[in-house]
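When you read off a place in the sequence shown, starting at 1, and then add 484, the result is the number in the working numbering. As structure tokens, the structure follows; a few thoughts come after it.
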Amino acid sequence: MRPISLIFYLIVLLAAQLVTADEYIESRALSLCSNSLEFTATYFNVRFTPKNRTIALSFNGRSSISGKVIAELIITVYGYTAMTKVLNPCDMDLEGLCPVRAGEIPVMNTNIKVPDSFISQIPGIAYTVPDLDASVRVFINSSDTGRSITCLEAELSNGKTVYQPGVGWTTAIISGLGLAASAVTSALGHSKAATHIATNVLSLFGFMQSQAMFGMSSVHMPPIVQSWTQNFQWSMGLVRVGFLETLCTWYQRSTGGRPSILIVDHSKKSIQILKKRLHDTLLKRAGKPGADTHKSIVIRGIQRVGYKAGIEVTNIFLTGLIFFIFFATLAMACVAIFRVIYKSLVKSRKIKNYEVKWNFITKGILFRVILIGYPQICILCLWEFTQHDSPAEVILAAVMLLTTTVAIGFATQKVARLAKQSLKLYRNPAYVLYTDPACLNKWGFLYVQYQAKAYYFITPALAYIIVKSMFISLSQAAPVVQTIALVIIEACILISISILRPWMNRKTDIYNISIAAINFVNAIFLLIFSNVFSQPGILTGVMGVVFFAYNAVFSLVLLVLVLMASTHSVLSKNPDIRYQPMRDDRESFIRSQSQHQLGTELDDLGAAARGEKHSNHDKSTPSLVDASDRHEHSNEPNGEDTPEEDPPSSDILGSEPLGYQDHLPKAPAGRVYCHRKGCYRPPANPDGTLPTETGRPCNSSSPWKRGAGYE
């Protein structure tokens, strides 16, 4: 018993705080561990309470066995055989089992007294350790011939678990506080701190989604791993809400589906979480014509996480989809409220009326919500294609998956086009991506977390999400294939980001590489849990404890880092000084835009003082997002250079950086200036200055090459 006691004590040291309750060990599911169908149970519930030394047994089923039998009882704890005992039902005065009669077994409710010698063999820690990984296997043999008749198995539990609603609420609240702190910091003008906080919060949210995805794997995992990953299923929209269950069931019936009733009938049916066994029993939908009601219902993977969350199996897809739509609507409502508040403050002259492009801001926030929920949409929609809960839900899944994929794909190619245009004109993608606020507000969610030269990394990041989602959702029937694919996928992304290091600075690189490394180790653990190496059961049990331990510690570290950064950003007068400069020098481009706006306001003020009716800046500066389209259409299709006598295009994308021309010296007579497509002699303006759109002197290096690795 010493190895088992050591494992129990180790779990207690690593487990979360648990609610105290009466000590007991129980099982609510009885399944077959052999191919024999001579004894089946539709309902099974047994509870052992050491306080009164009784076993309360309740079950019903069907038997084709007749005669006297004996039972060999084997108790396994964390893969270690803790007890073996032979029981004779006749010696225990069990009615209906001595002798066993063929036919229906009536509902049996009985209490069995347990001798003190039996109780003394059970370590006291077994009643308090969370997510007890123990099972009892009963081999029923004929008393007369000794022939093995059947094998029954039941999972044991003590009611303690690391799956606590408080864990999910805590992670959700801290993530929300981080996003709120980022918004407040950005509103106060500290863009560097706001970008870092938002990036870390989104990376934390991505890690929680990865934890939930591992929990959705169809491979059997130790109970403590199942419970730990269940804490993060809220990030995939799997949260039980009573009226939503009713709504989803009604919608499914109305559209030709047949809802499952596992949650409703869990007190009447034996429902077993999938475990490695001698045969593979698949889930049978309740109420399906021809279903064998005497067989146990076995669930796994996505069905398992839905059932443990209290969601009917056929409502999983619709529940996740409704939560995604709800949060997207909530985000849009918040933007509308802020817009009304802002306009009311401007109207009352409490704040200055700045030119706020609400259209770009609204679209940018909507794109951000889609990107955050994209893993959830991919998994649930693809999984729905294999479930066919109802024809309408399949169509809904196809529409949602196609819409979100097209939206993100369009945004990705838009960013790539703008960055390439910036490289073409300025040899630095950061200029176009960060100079124009419209571009930053609308498309910035795809690239602000990366270096400017790594703007393309959003493409492999999206490919990683799609491929991973495909294997999790479409390979539920092949757990070994699923886990091998996850190992390969996580290894590829870890190697890629370790070599490229695409994030904006070194600390953010370390932060995200650490997350990728943990995900890779988790995938290896899942491969071991699939029993592909045929390891001893006790090794699987110990590795389940280790999985919980390092993931719990790492999650705590990430939460503390986000909480500290959020608190510092709100309380500090200048939170930007905490963060090292960006590698792509994006602050200078953002600053040049603000300086240009300030210069425009001063020019307008000077024009008004001189009595001029109109200034040169009456019209707002055109957006680079719109200008990029015009610039592309203005290029000659054959790609030839513009003639030397023509000045450069007056389009913003073809000009020097905003505000740059305001500081140019007087144009010396006869001096030749060079545009990237050729040199020309600029015409003199009446005031003797260079034209607004000017090239740079020949053989001079563009000041906009700095940063982004172009030095």
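Built from N, CA and C at the ideal position, the CB exists for glycine as well. Predicted model only: the values in this text are computed from it and were never measured.
Task: Continuous alpha helix (DSSP H) assignments of at least 4 residues falling wholly in the segment 508-556 - done: none
Open item on the list: Could you compute how far the alpha carbon of P1132 sits from the alpha carbon of K904?
Closed with: Residue numbering aside, residue 1132 sits at position 648 when the sequence shown is read from its first letter. Residue numbering aside, residue 904 sits at position 420 when the sequence shown is read from its first letter. The predicted model places P1132 with a pLDDT of 41, which falls under 50 and marks its position as unreliable; any figure quoted below should be read in that light. Roughly 19 Å separates the two Cα atoms.
TODO: Put F623 into one of helix, strand or coil per three-state DSSP.
DONE: Here residue 623 refers to the residue found at position 139 of the sequence shown. Looking at F623 - three-state DSSP - the assignment turns out to be strand.
Task: At least three beta-carbon pairs within less than 8 Å, the segment 825-837 to the segment 678-689 - done: no
TODO: Compare the Cα-Cα distances from I854 to each of M816, V598 and H704 and report the closest residue.
DONE: On the sequence shown, residue 854 is found 370 positions in, with the first residue counted as 1. Among M816, V598 and H704, the Cα nearest to that of I854 belongs to M816.
Open item on the list: For R833, count the other beta carbons within 10 Å of its own beta carbon; 16 or more makes it buried, fewer makes it exposed. Which is it?
Closed with: Sequence index remark: in the sequence shown, residue 833 carries index 349 (1-based). Looking at its Cβ environment, which holds fewer than 16 other Cβ atoms inside 10 Å, R833 is exposed.
- [ ] Below 6 Å CB to CB, which residues in the same chain sit around A969 once its five sequence neighbours on both sides are set aside?
- [x] Counting from 1 along the sequence shown, the entry for residue 969 is found at position 485. So the qualifying residues of the chain are F955.
Open item on the list: In the DSSP output, what is W987 paired with across the bridge?
Closed with: Counting from one through the sequence shown, the residue named residue 987 turns up at place 503. Assignment of beta-bridge partners to W987 by DSSP yields Y934.
Open item on the list: Tell me the rounded alpha-carbon separation between V1044 and A812.
Closed with: Within the sequence shown, the letter at position 560 stands for residue 1044. Within the sequence shown, the letter at position 328 stands for residue 812. If you take the alpha carbons of V1044 and A812, they lie about 27 Å apart.
- [ ] Measure the alpha-carbon distance for E588 versus N544 and round it to whole angstroms.
- [x] The count along the sequence shown starts at 1 and reaches residue 588 at position 104. The count along the sequence shown starts at 1 and reaches residue 544 at position 60. Whole-angstrom Cα-Cα distance: 8 Å.
- [ ] Please list, in chain order, all residues of the same chain as L802 whose beta carbon is under 6 Å from its beta carbon, the five residues on each side excluded.
- [x] The sequence position of residue 802 within the sequence shown is 318, counting from 1. If we look at L802 and ignore the five residues flanking it on each side, its Cβ neighbours are C732.
Task: Three-pair Cβ contact test at 8 Å for the segment 922-937 versus the segment 871-891 - done: no
Task: Rounded C-alpha distance that separates V1054 from S670 - done: On the sequence shown, residue 1054 is found 570 positions in, with the first residue counted as 1. On the sequence shown, residue 670 is found 186 positions in, with the first residue counted as 1. Each residue's alpha carbon lies about 10 Å from the other.
- [ ] Verify whether the separation of the beta carbon atoms of N529 and R512 is less than 8 Å.
- [x] Stepping through the sequence shown from its first residue, residue 529 is reached at position 45. Stepping through the sequence shown from its first residue, residue 512 is reached at position 28. Here N529 is near R512, since their CB atoms are less than 8 Å apart.
TODO: Check the C-beta distance from Q736 over to D873 and give it rounded, since I have them as a contact under 8 Å.
DONE: Reading the sequence shown from its first residue, position 252 is the one you call residue 736. Reading the sequence shown from its first residue, position 389 is the one you call residue 873. The Cβ separation is near 6 Å, so the contact holds.
- [ ] May I ask which residues mark the beginning and end of the alpha helix (DSSP H) holding V830?
- [x] In the sequence shown, counting from the first residue as 1, residue 830 sits at position 346. That run of the alpha helix (DSSP H) goes I800 to K831.
- [ ] Measure the CB-CB distance between E877 and T739 and report whether it falls below 8 Å.
- [x] Indexing the sequence shown from 1 puts residue 877 at position 393. Indexing the sequence shown from 1 puts residue 739 at position 255. Closer than 8 Å, so yes.
- [ ] Determine the burial state of F1031: buried for a count of at least 16 other Cβ atoms within 10 Å of its Cβ, exposed for fewer.
- [x] Start at 1 with the first residue of the sequence shown, and residue 1031 comes out as number 547. Buried, because 16 or more other Cβ atoms sit within 10 Å of the Cβ of F1031.
Open item on the list: With a threshold of 7 Å on Cβ separation, who are the neighbours of A665 within its own chain once the five nearest residues in sequence on each side are excluded?
Closed with: On the sequence shown, position 181 is the one that residue 665 refers to. Correct list, in chain order: I681, S1050, S1053 and V1054.
- [ ] Taking all protein chains shown into account, decide if Q897 is buried (16 or more other Cβ within 10 angstroms of its Cβ) or exposed.
- [x] The sequence position of residue 897 within the sequence shown is 413, counting from 1. Exposed: under 16 other Cβ atoms inside 10 Å.
TODO: Alpha carbon to alpha carbon, how far is I999 from V1029? Give it in angstroms, no decimals.
DONE: Counting from 1 along the sequence shown, the entry for residue 1029 is found at position 545. Counting from 1 along the sequence shown, the entry for residue 999 is found at position 515. Each residue's Cα considered, the two are about 20 Å apart.
Open item on the list: For E639, report the span of its alpha helix (DSSP H) as first-last.
Closed with: Numbered from 1 along the sequence shown, position 155 holds the residue referred to as residue 639. Counting along the chain, E639 falls outside any alpha helix (DSSP H), though it belongs to the beta strand (DSSP E) covering S632 to L640.
TODO: Whole angstroms is fine: what's the gap from I708's alpha carbon to A793's?
DONE: Locating residue 708 in the sequence shown gives position 224, counting from the first residue. Locating residue 793 in the sequence shown gives position 309, counting from the first residue. So the alpha carbons of these two residues sit roughly 15 Å apart.
Task: Pairwise C-alpha distance: I806 and S719 - done: Taking the sequence shown and counting its residues from 1, one reaches residue 719 at position 235. Taking the sequence shown and counting its residues from 1, one reaches residue 806 at position 322. In this structure, the CA atom of S719 is about 13 Å from the CA atom of I806.
Task: Minimum C-alpha distance to T730 - residue among I747, G721, M1048 and Q714 - done: Within the sequence shown, residue 730 is the residue found at index 246, counting from 1. Minimum Cα distance to T730 is reached at I747.
TODO: Could you check the C-alpha separation between I1008 and V971 for me, to the nearest Å?
DONE: In the sequence shown, counting from the first residue as 1, residue 1008 sits at position 524. In the sequence shown, counting from the first residue as 1, residue 971 sits at position 487. Rounded to the nearest whole angstrom, the CA to CA distance from I1008 to V971 is 6 Å.
Task: Contacting residues, own chain, Cβ-Cβ under 6 Å from N595 (five flanking each side not counted) - done: Residue 595 sits at position 111 when you count from the first residue of the sequence shown. Hits under 6 Å: T538 and A540.
Open item on the list: Among the candidates I861, I942, Q966 and T1024, whose CA atom is the shortest distance from the CA of I977?
Closed with: Taking the sequence shown and counting its residues from 1, one reaches residue 977 at position 493. Here the closest residue by C-alpha is I942.
- [ ] Given a cut-off of 8 Å, decide if G804 and G699 are closer than it, judged by their beta-carbon atoms.
- [x] Looking up residue 699 in the sequence shown gives position 215. Looking up residue 804 in the sequence shown gives position 320. Contact: no.
- [ ] Measuring alpha carbon to alpha carbon, tell me which of V622, V1005, V840 and P875 ends up nearest G741.
- [x] Taking the sequence shown and counting its residues from 1, one reaches residue 741 at position 257. The candidate whose alpha carbon is nearest that of G741 is P875.
TODO: Return the CA-CA distance between A900 and N1015, expressed in angstroms with no decimal places.
DONE: Numbered from its first residue, the sequence shown carries residue 900 at position 416. Numbered from its first residue, the sequence shown carries residue 1015 at position 531. Between A900 and N1015, the C-alpha separation is close to 44 Å.
Task: Three-way DSSP call (helix, strand, coil) for V598 in this model - done: By one-based count along the sequence shown, residue 598 stands at place 114. DSSP places V598 in coil when its eight states are reduced to three.
- [ ] Return the CA-CA distance between G608 and E507, expressed in angstroms with no decimal places.
- [x] By 1-based counting over the sequence shown, the position of residue 608 is 124. By 1-based counting over the sequence shown, the position of residue 507 is 23. Taking the straight line from one Cα to the other gives about 9 Å.
Open item on the list: Within a Cβ cutoff of 6 Å, which residues of the same chain sit near Y1063, ignoring the five residues on either side of it in sequence?
Closed with: Here residue 1063 refers to the residue found at position 579 of the sequence shown. Closer than 6 Å at Cβ, skipping near neighbours: K676 and H680.
TODO: Give me the Cβ distance between T560 and G1021, rounded to the nearest whole Å; I'm assuming they're in contact under 8 Å.
DONE: One-based indexing of the sequence shown puts residue 560 at position 76. One-based indexing of the sequence shown puts residue 1021 at position 537. Contact flag correct, Cβ pair sits at about 7 Å.
TODO: Give me whichever residues DSSP pairs with N684 in a beta bridge.
DONE: The residue you call residue 684 lines up with position 200 of the sequence shown. The partner list for N684 (beta bridge, DSSP) is empty, contrary to what the question assumes.
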